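*Asks:* For the protein sequence lines, the chains are A and B, in the order given.
Each residue of the first sequence is one higher than the one before, starting from 1 at the first, in our numbering.
Each residue of the second sequence is one higher than the one before, starting from 1001 at the first, in our numbering.
For every residue, glycine included, the Cβ atom is placed at its ideal position computed from N, Cα and C.
Please read these numbers as outputs of a predicted model, since none were measured by experiment.
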Amino acid sequence: AQSVTQLGSHVSVSEGALVLLRCNYSSSVPPYLFWYVQYPNQGLQLLLKYTSAATLVKGINGFEAEFKKSETSFHLTKPSAHMSDAAEYFCAVIPTSGNTGKLIFGQGTTLQVKP
Amino acid sequence: ETGVTQSPTHLIKTRGQQVTLRCSSQSGHNTVSWYQQALGQGPQFIFQYYREEENGRGNFPPRFSGLQFPNYSSELNVNALELDDSALYLCASREEGYPYNEQFFGPGTRLTVL
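#1: Looking at C-alpha atoms only, which residue of A/Q42, A/F63, A/P40, A/S97 is the closest neighbour of A/L48?
#2: Output the boundary residues of the beta strand (DSSP E) element that contains B/E1102.
#3: Leaving out five residues on either side along the sequence, give the residues of the same chain with a beta carbon under 7 Å from the beta carbon of A/E66.
#4: Would you mind working out which of B/S1065, B/E1082, B/F1045 sits nearest B/V1113, comparing C-alpha positions?
#5: Which value, in whole angstroms, describes the spacing of the CA atoms of A/K68 and B/L1011?
#6: If you follow the beta strand (DSSP E) that A/E64 is in, where does it begin and where does it stop?
#7: Can you tell me whether A/A92 is buried or exposed? The criterion is at least 16 other CB atoms within 10 Å of its CB, across all chains shown.
#8: Quick one, are the C-beta atoms of B/G1040 and B/F1104 less than 8 Å apart?
#9: Give every residue of the same chain whose Cβ lies closer than 7 Å to the Cβ of A/T51, excluding the five residues on either side of it in the sequence, and list them in chain order.
#10: Does any residue of chain B have a CB that is nearer than 8 Å to the CB of A/T51?
#11: When you compare only the Cα positions, how much space is there between A/V37 and A/T77?
#12: Residues of chain A with a CB under 8 Å from the CB of B/R1094: which are they?
#13: Find the nearest neighbour of B/N1159 within the set B/T1109, B/L1088, B/A1092, B/N1079, judged by alpha-carbon distance.
#14: In this structure, does DSSP put B/N1055 in helix, strand or coil?
#15: Under three-state DSSP, which class holds A/E71?
#16: Just to confirm, is the Cβ distance from B/G1106 to B/T1005 under 8 Å?
#17: Does B/R987 pass the burial test, meaning 16 or more other C-beta atoms within 10 Å, or should it be called exposed?
#18: When burial is assigned at 16 or more other CB atoms within 10 Å of the CB, is B/Q1036 buried or exposed?
#19: Work out the CA separation of A/V113 and A/T5 for me, nearest whole Å.
#20: Can you say whether B/F1069 is buried or exposed, counting buried as having 16 or more other CB atoms within 10 angstroms of its CB?
This is how it looks when you write it as structure tokens:
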């Protein structure tokens, strides 16, 4: 079954430092890939998605992610962290087979940004 | 444009009771999905409704059921509540068409089962 692994349940960076959140998927056929952000007591907001077009995907709030088929990875980056980036981040996939739009989420990574 | 709304915000029930959670989809969205997010976990897919029919289901028992209405709003019903049902329940809506169309999430309903 398709699964998503997010390496590191907690990541701490200083304000202005590079943000790198890791995500790997388990599938021989690349799925559709997503990154969502969840602020406390809120629902999820889509940051960006990969749907088999350009491998480098740019999203909102300065985030981007690169799809690497050889590494089955879709890591999320941001060059310079801002205090407002502190939140829970989820990587998710939708298998390309089937058509339910069922999102399969990773366990999440809590991003802490220190002043 | 109104986003996805859910009610109630919080709910406390006891074991064995039944609960109904409600979701209003974003305007123009006819596909609604429900997710369960346990504390410290990623959301898990419960089921999806498209034009009032269930067209996808996750690994949840039959006591989790749903409805979608002609205006595309939706309900999630859970019977015989168990302690492990305590979670944040998220509703998401999207336009029909590609499965990777953006899903817009509501703020969720926090269910506590005592």
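*Replies:* So, to answer that:
#1: A/F63
#2: No beta strand (DSSP E) contains B/E1102, which DSSP labels as neither H nor E.
#3: T55, L56, H75
#4: B/E1082
#5: 43 Å
#6: 64-68
#7: buried
#8: No.
#9: Y32
#10: yes
#11: 13 Å
#12: Those are G101, listed as they occur along chain A.
#13: Past the edges of chain B, shown from 1001 to 1114, lies residue 1159 of chain B, and the structure says nothing about it.
#14: strand
#15: In the three-state reduction of the DSSP assignment, A/E71 falls in the helix class.
#16: yes
#17: Since the displayed chain B opens at 1001 and closes at 1114, residue 987 of chain B lies outside it and no answer follows.
#18: Buried.
#19: 22 Å
#20: exposed
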